[in-house]
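Student: This structure is in structure tokens; I'll ask about it shortly.
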Amino acid sequence: MEPILYFTKRLHGFAGKKLYVNLFGTVLVSLLEGIGIFLLVPMIGMSGIAGVTTDTTPLSGIFGALQSIPAPWVLPLILGSFVLLVIGQGLLKRSISIQNVKIHQGFVFHLRSETYRALLQSNWGFFIKRRKSDFINSLTAEIGRVSSGVSLSLQLLASIIFTLIQIGLAFWLSPELTIFVIACGLSLSFLSRNFIRRSQNLGKETIELSKQYMAGITDQLNGIKDIKINMLEQSRLTWLSRMSMKMQREQGEYIKLKTTSQFYYQAASALLIAAFIFLSIRLFEARLEQLLLVIIIFSRLWPRFTGFQSSLEQIASSIPSFHNIIKLQDECAEATEFALDDPQGQDVKTITIERSLECRNVYFRYNRLEPQFALQDINLQILSNRMTAIVGRSGAGKSTLIDILMGLVQPEHGQVVIDGIPLTSDRLLALRRSISYVPQDPFLFNETIRENLRMVSPHASEEELWEALEFSVSADFIRKLPQGLDTFIGDRGIRLSGGERQRLVLARAILRKPSILVLDEATSALDTENESKIQEALDRLKGKMTVIVIAHRPSTIRNADQVIVIDQGTIVQKGISANSEIKFPSDSAWG
Ligand SMILES: Nc1ncnc2c1ncn2[C@@H]1O[C@H](COP(=O)(O)OP(=O)(O)OP(=O)(O)O)[C@@H](O)[C@H]1O
1 MEPILYFTKR
11 LHGFAGKKLY
21 VNLFGTVLVS
31 LLEGIGIFLL
41 VPMIGMSGIA
51 GVTTDTTPLS
61 GIFGALQSIP
71 APWVLPLILG
81 SFVLLVIGQG
91 LLKRSISIQN
101 VKIHQGFVFH
111 LRSETYRALL
121 QSNWGFFIKR
131 RKSDFINSLT
141 AEIGRVSSGV
151 SLSLQLLASI
161 IFTLIQIGLA
171 FWLSPELTIF
181 VIACGLSLSF
191 LSRNFIRRSQ
201 NLGKETIELS
211 KQYMAGITDQ
221 LNGIKDIKIN
231 MLEQSRLTWL
241 SRMSMKMQRE
251 QGEYIKLKTT
261 SQFYYQAASA
271 LLIAAFIFLS
281 IRLFEARLEQ
291 LLLVIIIFSR
301 LWPRFTGFQS
311 SLEQIASSIP
321 SFHNIIKLQD
331 ECAEATEFAL
341 DDPQGQDVKT
351 ITIERSLECR
361 NVYFRYNRLE
371 PQFALQDINL
381 QILSNRMTAI
391 VGRSGAGKST
401 LIDILMGLVQ
411 PEHGQVVIDG
421 IPLTSDRLLA
431 LRRSISYVPQ
441 DPFLFNETIR
451 ENLRMVSPHA
461 SEEELWEALE
471 FSVSADFIRK
481 LPQGLDTFIG
491 DRGIRLSGGE
501 RQRLVLARAI
511 LRKPSILVLD
521 EATSALDTEN
531 ESKIQEALDR
541 LKGKMTVIVI
551 AHRPSTIRNA
561 DQVIVIDQGT
571 IVQKGISANS
581 EIKFPSDSAW
591 G
């Protein structure tokens with residue numbers, strides 16, 4: 001109940017007055033439907049079928065007024081009112097349905113952007129502990145389930161209001177029979193608790209399966225090249241069929257549960273109606289017209305009880321999604337590193353390092369429950385406007401060190417210090433604005449080259465774009481493309497070679513005009529000629545920009561002013577120049 005209330009409040013906050021208008025409209029539609037049914041009684045009476053009159057029902061007062069109208073007009077008047085009522089109800093229903101869809105869609109979008117915002121505001125440490133596909137699942141399937149769960153709850157509320165009105169009317173017509181039917185309805189709802197609990201459990205299974213499916217399919221599509229090279233197509237297809245079978249089984253269980261509960265309700269309805277007619281005739285001696293009205297009302301009312309059951313089951317199955325989204329938003333809130341709409345965040349100034357960027361006694365573990373440190377006792381000084389190279393064998397801790405220096409993760413002990421001042425959370429954004437980072441696996445968007453460059457610097461002139469491209473030795477290959485800067489580069493830049501991608505990402509990094517440039521094996525895919533051209537370009541940055549290079553190849557660090565060697569998370573060697581006393585780790589990459 002709690003998560004439903006939580007999201008209903010959120011929906012209320014989002015839709016405001018529109019929500020009440022729609023709820024009121026839904027109740028009105030149901031009422032009009034009820035009035036339409038009441039009109040059936042005098043219509044039947046007039047037709048002479050079964051000798052029904054309205055005299056003995058509480059409606060006699062209302063229909064008595066019809067006697068003052070000339071006899072030939074009564075039937076057309078009643079039939080006309082009936083048609084008008086049905087048309088009015090239909091139109092109202094249509095506009096409410098449209099409004100409902102608008103509110104529902106708007107709320108899905110609102111929830112999605114709220115959750116995505118919370119995700120974007122979270123720190124890097126939060127992302128490395130979780131599966132990306134779980135986020136995708138939450139932002140797509142689960143938010144959809146939450147929104148339809150909320151919308152179902154509101155429909156249920158409208159239905160309850162209408163049912164109460166109908167019960168009032170039924171009570172007015174026959175209190176005994178009404179109490180009898182309500183008692184039966186309540187005892188049935190008590191018995192149906194088990195179905196609701198099972199629906200909730202099935203909802204949990206749905207989420208787990210949907211997470212597994214999303215994780216698997218994302219991984220496989222990311223690794224489609226490996227699948228093709230290793231001819232894993234058949235095994236992947238088998239995985240998909242197994243997954244589909246599990247999902248089908250689970251959906252089958254859900255449908256079985258739903259139809260069983262509907263069957264019980266139907267059987268109970270038949271029994272109840274039989275008992276009800278028997279009792280009304282034998283015990284309560286109801287008259288035909290009274291009985292007819294009560295039957296009409298309850299034939300409308302009883303399906304509502306069945307509807308409640310079915311809605312409750314559906315809502316119950318969406319509750320685990322409610323919990324998951326709340327949990328995700330709470331975890332994001334805990335991991336928030338800045339607020340996206342914070343006006344101060346928008347005009348953060350960049351930091352210019354005057355003297356140095358330092359690590360003082362830094363220790364870091366990915367998992368604080370395990371004894372293994374990824375970095376320990378790190379003390380280093382990166383001088384401003386110089387080139388520092390960080391080297392070490394694979395898994396030594398180079399990328400982790402870079403993440404610490406960029407403020408992406410925080411040390412467990414120790415500090416990052418900029419020009420003698422410790423890096424605190426309020427300066428994190430400023431530091432990040434000052435840094436351009438070229439990762440090992442460069443990321444490009446499925447857009448044109450121009451769009452990919454402008455993403456980081458929307459106002460860059462054509463001249464600036466080409467300048468950055470010249471720097472990264474990309475200008476020539478782009479000029480040769482038929483569409484030049486307007487070439488679409490495909491998913492993650494798949495239509496470019498690995499080296500071209502690296503050069504383009506380097507151009508993007510330079511375009512930001514950073515004060516610190518971080519290259520994490522950013523030239524590993526380049527041939528010697530292009531690499532040395534980039535080395536020359538980086539050389540020209542000396543004195544203008546602080547450059548930090550992670551490298552595996554000695555050629556990459558030839559011109560570094562300082563070389564730091566890391567092994568098993570600790571600094572094992574520091575040297576002023578790569579050409580002199582540095583001894584490289586005995587890793588195969590170093591030849
Ligand atoms: N997200 C993570 N969760 C847990 N452990 C991690 C994570 N990322 C890295 N590690 C571990 O931390 C250690 C240092 O990893 P890091 O990526 O910093 O090494 P590296 O020197 O950059 O290696 P490479 O040259 O292969 O990229 C490794 O033992 C690695 O297994």
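Numbering of the sequence shown is given in full-length UniProt numbering, commencing with residue 1 and proceeding in unit increments. Note that beta-carbon positions come from the ideal geometry of N, C-alpha and C, so glycine has one too.
Please classify N137: is it buried, with 16 or more other beta-carbons within 10 angstroms of its beta-carbon, or exposed?
Tutor: buried
Student: Is the separation between the beta-carbon of A316 and that of S199 shorter than 7 Å?
Tutor: Cβ atoms of A316 and S199: closer than 7 Å.
Student: Which residue from I478, L517, N367 puts its Cα closest to that of I128?
Tutor: N367
Student: Can you list, in chain order, the residues of its chain whose CB lies under 7 Å from that of G484, leaving out five sequence neighbours each side?
Tutor: I478
Student: Determine the burial state of Q314: buried for a count of at least 16 other Cβ atoms within 10 Å of its Cβ, exposed for fewer.
Tutor: buried
Student: Tell me whether A396 counts as near ligand 2, meaning its Cβ is closer than 6 Å to at least one heavy atom of that ligand.
Tutor: Among the ligands modelled here, namely ligand 1, ligand 2 does not occur.
Student: Is the region 354-363 touching the region 404-415 in the sense that three or more CB pairs, one from each, lie closer than 8 Å?
Tutor: Taking one beta carbon from each stretch, the region 404-415 and the region 354-363 have 3 or more pairs nearer than 8 Å; the two touch.
Student: Taking the alpha carbon of S434 as the reference point, which residue from I96, L237, K204, P514 has its own alpha carbon closest?
Tutor: P514
Student: How long is the line joining the alpha carbons of A339 and Q329, rounded to whole angstroms?
Tutor: Going by the C-alpha atoms only, they are around 14 Å apart.
Student: How should R193 be labelled, buried or exposed, when 16 other C-beta atoms within 10 angstroms of its C-beta is the threshold for buried?
Tutor: It counts as exposed.
Student: Taking V373 as the reference, give the member of D567, Q121, K102 with the closest Cα.
Tutor: Before going on, a small fix: residue 373 reads as Phe here, not Val. Looking at the Cα atoms, D567 is the closest of the given residues.
Student: According to the neighbour-count rule (16 or more other Cβ atoms, all chains shown, within 10 Å of its Cβ), is K211 buried or exposed?
Tutor: buried
Student: Just to check my reading of the structure: Q87 and T26 have Cβ atoms closer than 8 Å, yes? What is that Cβ distance to the nearest angstrom?
Tutor: As written in the sequence, residue 87 is Ile, which differs from the Gln given in the question. At roughly 18 Å, the Cβ-Cβ gap does not stay under 8 Å, so I87 and T26 are not in contact.
Student: Which two residues bound the contiguous beta strand (DSSP E) that contains H459?
Tutor: From DSSP, H459 is part of no beta strand (DSSP E); its letter is neither H nor E.
Student: Do the region 160-167 and the region 214-227 meet, that is, are 3 or more Cβ pairs less than 8 Å apart?
Tutor: no
Student: At a cut-off of 6 Å, is A374 close to ligand 1 when judged by its beta-carbon and the heavy atoms of the ligand?
Tutor: yes
Student: Based on Cα-Cα distance, which residue from S159, L209, S280, L191 lies nearest to D134?
Tutor: L209
Student: Please check the pair D561 and T388, which I expect to be a contact at CB under 8 Å, by giving their CB distance rounded to whole angstroms.
Tutor: 7 Å
Student: Can you tell me the Cβ-Cβ gap for I550 and S436, rounded? I've got them flagged as a contact below 8 Å.
Tutor: Contact doesn't hold; Cβ gap of about 14 Å is too wide.
Student: Can you find a heavy atom of ligand 1 that lies under 6 Å from the Cβ of S192?
Tutor: no
Student: Report buried or exposed for S30, applying the criterion of at least 16 other Cβ atoms within 10 angstroms of its Cβ.
Tutor: When all chains shown are included, S30 counts as buried.
Student: Just the Cα atoms here: how many angstroms apart are K17 and A335?
Tutor: 34 Å
Student: Pull up the CB-CB distance for A141 and C332, whole angstroms please, since I reckon it's below 8 Å.
Tutor: Their Cβ separation, rounded to whole angstroms, is 18 Å, which puts A141 and C332 out of contact at 8 Å.
Student: Just checking I478 against ligand 1 - is the residue's beta carbon closer than 6 Å to any of the ligand's heavy atoms?
Tutor: Between ligand 1 and I478, a heavy atom-to-CB distance of less than 6 Å is absent.
Student: Quick check on DSSP: helix, strand or coil for Y6?
Tutor: Reduced to three states, the DSSP call for Y6 is helix.
Student: Would the region 104-115 and the region 140-158 be scored as touching if the rule is three or more Cβ pairs under 8 Å?
Tutor: yes
Student: Can you list, in chain order, the residues of its chain whose CB lies under 6 Å from that of S474, leaving out five sequence neighbours each side?
Tutor: R503, L504, A507
Student: Using alpha carbons as the reference points, say which of I516, H552, V563, D476 lies closest to N530.
Tutor: D476
Student: When the Cα of Y116 is compared with those of G543, L28, I325, which residue comes out closest?
Tutor: Comparing Cα positions, the closest option is I325.
Student: By how many angstroms is the C-alpha of F162 removed from the C-alpha of N123?
Tutor: 48 Å
Student: Could you check where the beta strand (DSSP E) with Q573 kicks off and where it finishes?
Tutor: Here the beta strand (DSSP E) through Q573 covers 570-575.
Student: Thinking C-beta only, is I378 closer than 7 Å to C359?
Tutor: yes
Student: According to DSSP, is E358 helix, strand or coil?
Tutor: Looking at E358 - three-state DSSP - the assignment turns out to be strand.
Student: Go to I494, then tell me how far its beta strand (DSSP E) extends in each direction, as first and last residue.
Tutor: Neither: I494 is in no beta strand (DSSP E) and is coded neither H nor E.
Student: If I measure Cβ to Cβ from S153 and keep anything under 7 Å in the same chain, skipping five residues before and after, which residues do I get?
Tutor: I4, T8, I315
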